[in-house]
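Shown next, in structure tokens, is the structure this report addresses.
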Amino acid sequence: MSNQLPVINLMGPTASGKTALACELYERGDVELISVDSALVYQDMDIGTAKPNKAEQQQYPHHLIDLITPLQVYSAAEFVEDACNLVEQIHARGKMPVLVGGTMLYFKALLEGLSSNLPSADYAVRAEIEAKGESEGWQAVYEELKTVDPLAGEKFKVSDKQRIIRALEVYKLTGQPITKLQAEQPKNVAYRYSFYNYALLPDRVELHQRIEHRLKNMWKIGFLNEVENLIEKYDLNDNLPSARSVGYRQALDYLKNSDRSLKSKQEMEDKALYATRQLAKRQYTWLRSLQESHQFKTYLTIKQAQEDLRNLYG
Numbered sequence: 393m394s395n396q397l398p399v400i401n402l403m404g405p406t407a408s409g410k411t412a413l414a415c416e417l418y419e420r421g422d423v424e425l426i427s428v429d430s431a432l433v434y435q436d437m438d439i440g441t442a443k444p445n446k447a448e449q450q451q452y453p454h455h456l457i458d459l460i461t462p463l464q465v466y467s468a469a470e471f472v473e474d475a476c477n478l479v480e481q482i483h484a485r486g487k488m489p490v491l492v493g494g495t496m497l498y499f500k501a502l503l504e505g506l507s508s509n510l511p512s513a514d515y516a517v518r519a520e521i522e523a524k525g526e527s528e529g530w531q532a533v534y535e536e537l538k539t540v541d542p543l544a545g546e547k548f549k550v551s552d553k554q555r556i557i558r559a560l561e562v563y564k565l566t567g568q569p570i571t572k573l574q575a576e577q578p579k580n581v582a583y584r585y586s587f588y589n590y591a592l593l594p595d596r597v598e599l600h601q602r603i604e605h606r607l608k609n610m611w612k613i614g615f616l617n618e619v620e621n622l623i624e625k626y627d628l629n630d631n632l633p634s635a636r637s638v639g640y641r642q643a644l645d646y647l648k649n650s651d652r653s654l655k656s657k658q659e660m661e662d663k664a665l666y667a668t669r670q671l672a673k674r675q676y677t678w679l680r681s682l683q684e685s686h687q688f689k690t691y692l693t694i695k696q697a698q699e700d701l702r703n704l705y706g
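393 is the number of the first residue of the sequence shown in the working numbering; add one for each residue after it.
Spelled out as structure tokens, the structure:
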């Protein structure tokens, strides 16, 4: 009999309804919820992240929410360490850990481990790379990457800005291509867990409608005011990882750089909607990639998932 600790992973793109499913499982009383969301770790970033409000968090507590300020950084490696510690603690309390969220990099790191000895992010180096992209164009940055790391140049497109930045950052910090370091370094696989993976993958048209409805509600309940308060409290700027979160980037640009006319506001809202739909598209791609290596059960509708998970965990 296996002595691996069972862990339920509940994944899905933004606005797919996964949090509601997790809360339904929590109602049973023998589970604890762990957030797998790189935006929910930030304090005071509530509306734009669709963070459960205080009453909801009291009713359905989530671990790994409100960990740091928007000025701080939280890595995938830190997530894996925190999540593994929580899994152990939750099982020690006789409960089942349910990890729920849409940050697929975190799920991938948990399922497959991380390459060791890659350098941590250096935001001075990143700022230097981004400044070159702004002044000389991203094609020039991409050409620099192809010179120092031809393999990465083959794998990435010029539009893969974050991946290009990370690859150049690693090269500038180590003097070696990231592809070489990744090939040489073993993975740290968490053998002590048995993962049960579930994904909510609704129809794209339905999901796009849900995303549009969510964003309209965010503007209505004061998302712009939230971003203004973040600018005032933290001097939030677009060099911070927190400010790159979908919605915040567009709102920040509008508040700092536009004439704040109705036309500019509508353009900002349209950009935020497009960016959120693109995020969902990337989440679908990540999930399909994970499904190639790991067993999954997927659901097209929330109702289907509710019925199945009730039977599974009933």
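Built from N, CA and C at the ideal position, the CB exists for glycine as well.
Here the structure is a predicted model, which means the values were calculated and not measured.
Taking the straight line between their C-alpha atoms, what separation do you get for residue i and residue j?
i, j, result
"MET610", "ASN395", "45 Å"
"LEU478", "TRP678", "24 Å"
"LYS695", "GLU424", "22 Å"
"VAL597", "PRO398", "34 Å"
"MET393", "SER430", "Since pLDDT at MET393 reaches only 36, below the 50 mark, its modelled position is unreliable, and the value read off the structure follows with that caveat. Cα to Cα, the separation comes out at about 35 Å."
"LYS625", "ALA523", "25 Å"
"ASP651", "LEU665", "20 Å"
"LYS538", "ILE521", "14 Å"
"LYS648", "PRO462", "17 Å"
"LYS564", "VAL540", "10 Å"
"MET496", "GLY529", "29 Å"
"ALA468", "PRO542", "26 Å"
"ARG558", "ALA513", "8 Å"
"ALA575", "SER656", "46 Å"
"LYS443", "GLU526", "32 Å"
"GLN670", "TYR676", "10 Å"
"SER551", "GLN531", "9 Å"
"GLU618", "LEU654", "19 Å"
"ASN401", "ARG485", "19 Å"
"TYR787", "TYR452", "Any question about residue 787 goes unanswered here, given that the chain covers just 393 to 706."
"ALA667", "LEU599", "14 Å"
"VAL490", "GLU536", "43 Å"
"ILE482", "GLY545", "43 Å"
"GLN449", "LEU459", "14 Å"
"GLU699", "LYS663", "36 Å"
With 9 Å as the threshold, decide whether the Cβ of residue i is near any Cβ in chain D.
i, result
"SER685", "Included in the structure is just one protein chain, with no chain D present."
Which whole-angstrom value describes the C-beta separation of residue i and residue j, a residue pair presumed to lie in contact below a C-beta threshold of 8 Å?
i, j, result
"ARG602", "ALA412", "That belief does not hold up - the Cβ atoms of ARG602 and ALA412 are roughly 11 Å apart, past 8 Å."
"ASP436", "LEU682", "Contact flag wrong, Cβ pair sits at about 31 Å."
"LYS499", "VAL433", "For the record, residue 499 in the displayed sequence is Phe; it is not Lys. PHE499 to VAL433, Cβ: 15 Å. No contact."
"ILE570", "TYR534", "In fact, because the Cβ distance is near 14 Å, the residues do not count as touching under 8 Å."
Going by the beta-carbon positions, is the gap between residue i and residue j smaller than 9 Å?
i, j, result
"ALA475", "LEU456", "yes"
"LEU616", "ASP630", "no"
"ARG606", "GLU561", "no"
"LEU503", "SER685", "yes"
"GLY421", "LEU592", "no"
"TYR691", "TYR590", "yes"
"ALA501", "PHE471", "yes"
"LYS410", "VAL465", "no"
Return helix, strand or coil for residue i, following the three-state DSSP convention.
i, result
"MET393", "Summary for MET393: the model assigns pLDDT 36, below 50, so the residue's position carries little reliability; its value from the coordinates is reported in the next sentence. The answer is coil: DSSP assigns MET393 none of H, G, I, E or B."
"LYS547", "helix"
"GLU659", "helix"
"LEU491", "strand"
"LYS443", "coil"
"ASN617", "helix"
"VAL399", "strand"
"LEU671", "helix"
"THR690", "strand"
"TYR466", "coil"
"SER634", "helix"
"TYR434", "strand"
"GLY525", "helix"
"ARG485", "coil"
"ARG518", "helix"
"LEU628", "coil"
"THR677", "helix"
"ALA513", "coil"
"GLU473", "helix"
"ALA407", "coil"
"GLU684", "coil"
"GLN696", "helix"
State the start and end residues of the unbroken alpha helix (DSSP H) segment that holds residue i.
i, result
"ASN589", "It is not in any alpha helix (DSSP H) - ASN589 instead sits in the beta strand (DSSP E) that spans 585 to 592."
"GLU504", "496 to 504"
"ARG555", "553 to 566"
"TYR452", "No alpha helix (DSSP H) contains TYR452, which DSSP labels as neither H nor E."
"LEU573", "570 to 576"
"ILE603", "596 to 612"
"THR461", "Segment: none, THR461 is in no alpha helix (DSSP H) and carries neither H nor E."
"ASP645", "640 to 649"
"THR539", "530 to 540"
"GLU416", "410 to 418"
At which residues does the beta strand (DSSP E) containing residue i begin and terminate?
i, result
"SER427", "423 to 428"
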